[in-house]
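Chemist: If you want this note's numbering, it's the position in the sequence shown, counting the first as 1, plus 2.
Beta carbons are placed, not taken as given, at the ideal position from N, Cα and C, and that holds for glycine.
Please read these numbers as outputs of a predicted model, since none were measured by experiment.
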Amino acid sequence: MMPPPPGSALPRLLFRRIALFFTLLVVPYARSDSASSIAWQAALNLDYNAAAATLETQHRAQPDDARIAIAFATSLLVRDPVTANNVAYAQEILETLFARLTQADTTHRPLVIYLLGRIAHDHVTPAQLDVAQSRYAQLRHDYPRHPLADQAAVHLAYIVSVDTPPSDPLEGVAAVETLFASVASPAARRELHFLIAHLHWQGRGDAAAALPHYIAGRAIGFEAPYRDGEVDLTIAGLAAELGRDELAAEHYLAFVEAHPRDARAQTARRLADEARARIATTP
3 MMPPPPGSAL PRLLFRRIAL FFTLLVVPYA RSDSASSIAW QAALNLDYNA
53 AAATLETQHR AQPDDARIAI AFATSLLVRD PVTANNVAYA QEILETLFAR
103 LTQADTTHRP LVIYLLGRIA HDHVTPAQLD VAQSRYAQLR HDYPRHPLAD
153 QAAVHLAYIV SVDTPPSDPL EGVAAVETLF ASVASPAARR ELHFLIAHLH
203 WQGRGDAAAA LPHYIAGRAI GFEAPYRDGE VDLTIAGLAA ELGRDELAAE
253 HYLAFVEAHP RDARAQTARR LADEARARIA TTP
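(1) Helix, strand or coil for Gln204, going by three-state DSSP, please let me know.
(2) Whole-angstrom Cβ separation of Ala199 and Ala186, contact assumed at under 8 Å?
(3) Output yes if chain B places a C-beta closer than 8 Å to the C-beta of Gln60; else output no.
(4) Rounded to a whole number of angstroms, what is the C-alpha to C-alpha distance between Val257 and His202?
(5) With Ser234 as the anchor, note down where its alpha helix (DSSP H) starts and where it stops.
(6) Between the alpha carbons of Ile95 and Asp234, how many angstroms are there, rounded?
(7) Can you tell me whether Gln93 is buried or exposed? The criterion is at least 16 other CB atoms within 10 Å of its CB, across all chains shown.
(8) Figure out for me which residue from Asp124, Thr56 and Pro171 has the closest Cα to the Cα of Ser77.
(9) Nearest-angstrom Cα distance between Pro262 and Gly207?
(10) Taking DSSP as the reference, what is the three-state secondary structure of Phe224?
(11) Would Gln64 pass as a contact of Ile72 if the rule is Cβ separation under 8 Å?
(12) Starting from Val162, follow the alpha helix (DSSP H) in both directions and report where the run begins and ends.
(13) So what does DSSP say about Val133, is it helix, strand or coil?
(14) Please state the DSSP three-state secondary structure of Gln268.
(15) Taking contact to mean at least 3 C-beta pairs separated by less than 8 Å, is the segment 217-233 in contact with the segment 180-197?
(16) Does the pairing of the segment 153-164 with the segment 122-139 give three or more beta-carbon distances under 8 Å?
(17) Sort Ala260, Ala75, Gly245 and Tyr254 by Cα distance to Arg272 and report the nearest one.
(18) In three-state terms, what does DSSP make of Asp124?
(19) Can you tell me whether Thr98 is buried or exposed, with buried defined as 16 or more other CB within 10 angstroms of its CB?
(20) Would you check if the distance between the CB atom of Ala68 and the CB atom of His110 is smaller than 8 Å?
(21) Can you tell me the Cα-Cα spacing of Ala250 and Asp82, whole angstroms?
(22) According to DSSP, is Tyr145 part of a helix, a strand, or is it coil?
(23) Assuming Leu131 contacts Thr166 under a Cβ cut-off of 8 Å, what Cβ separation, rounded to an integer in Å, is found between them?
(24) Looking only at its own chain, which residues have a Cβ that is under 7 Å from the Cβ of Val133, when we skip the five neighbours before and after it?
Next up, the structure:
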């Protein structure tokens with residue numbers, strides 16, 4: 003059978019990547035008639051270095067503008083190349099801003115907390131997992147209804163189950179399931195389904211426990227179609243291993259239909275035909 007794609011259940015770094023976050027952050031300014039629209043348009047064009055240069059000038063001129071400070075700090079994390087000095091400077095800007103924002107600020111403070119968590123988690127070496135965990139938990143506690151709260155839950159789930167795995171994989175599963183019960187956004191639920199599936203399959207070798215979570219995550223779907231196809235292959239491979247030939251054929255064919263020119267399409271079609279042949283010979 004075609005095996006599940008390695009790592010298909012571990013998309014955390016693709017989940018709301020910092021670059022995309024930065025682009026979304028500046029969208030409201032992209033249509034501005036002011037000179038500042040240059041930076042926002044550069045970000046939308048994915049020219050982060052140009053955006054960072056303009057934002058730096060704006061930040062120096064308007065150091066008390068929280069949105070410009072956040073955008074500039076975020077731009078430092080996506081400049082090419084990213085340097086330790088840029089990361090440290092971004093962290094300094096955000097920490098300074100955080101110190102003067104009150105909890106009543108629901109516009110800027112949640113963004114600052116989230117970004118400080120992401121810096122500690124993904125942008126420093128070694129990762130400061132205790133700091134990241136504290137920031138994500140703080141965001142969920144202080145702003146439980148903020149859209150970033152569910153994203154923070156996904157990152158927390160990876161910290162408690164993958165970055166610092168318990169000796170018993172089932173403890174990791176239980177921790178992620180607790181977080182899963184608290185999130186509402188489809189994207190977060192999808193990612194946590196795939197994480198639980200990964201913990202069952204890669205951590206415990208339990209395909210039967212993993213399969214329902216792959217199916218549930220696939221039902222939500224991705225913004226990037228290629229990822230749906232990868233999960234179709236994962237589901238098909240596990241279903242075939244478990245003797246669920248109808249399900250295997252369904253997902254092999256879903257992959258073929260969506261990606262007919264993929265190098266794996268011919269193999270997927272053959273495996274679907276083999277699964278249907280087994281169904282036909284089953285009493």
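Modeler: Quick answer:
(1) helix
(2) Contact flag wrong, Cβ pair sits at about 20 Å.
(3) In the structure shown, chain B does not exist; there is a single protein chain.
(4) Before going further, note that residue 257 is Phe rather than Val in the sequence given. C-alpha separation (whole angstroms): 23 Å.
(5) Here residue 234 is Asp; the residue named in the question, Ser, does not match the sequence. Per DSSP, Asp234 belongs to the alpha helix (DSSP H) from Pro227 to Glu243.
(6) Each residue's alpha carbon lies about 43 Å from the other.
(7) buried
(8) Thr56
(9) For Pro262 and Gly207, the distance between alpha carbons rounds to 31 Å.
(10) coil
(11) no
(12) Counting along the chain, Val162 falls outside any alpha helix (DSSP H), and DSSP gives it neither H nor E.
(13) helix
(14) Note: Gln268 maps to helix in three-state DSSP.
(15) yes
(16) At 8 Å Cβ cutoff, the stretches touch.
(17) The option with the nearest alpha carbon to Arg272 is Tyr254.
(18) helix
(19) exposed
(20) Yes, the Cβ-Cβ distance between Ala68 and His110 is below 8 Å.
(21) 43 Å
(22) coil
(23) 6 Å
(24) Ala122
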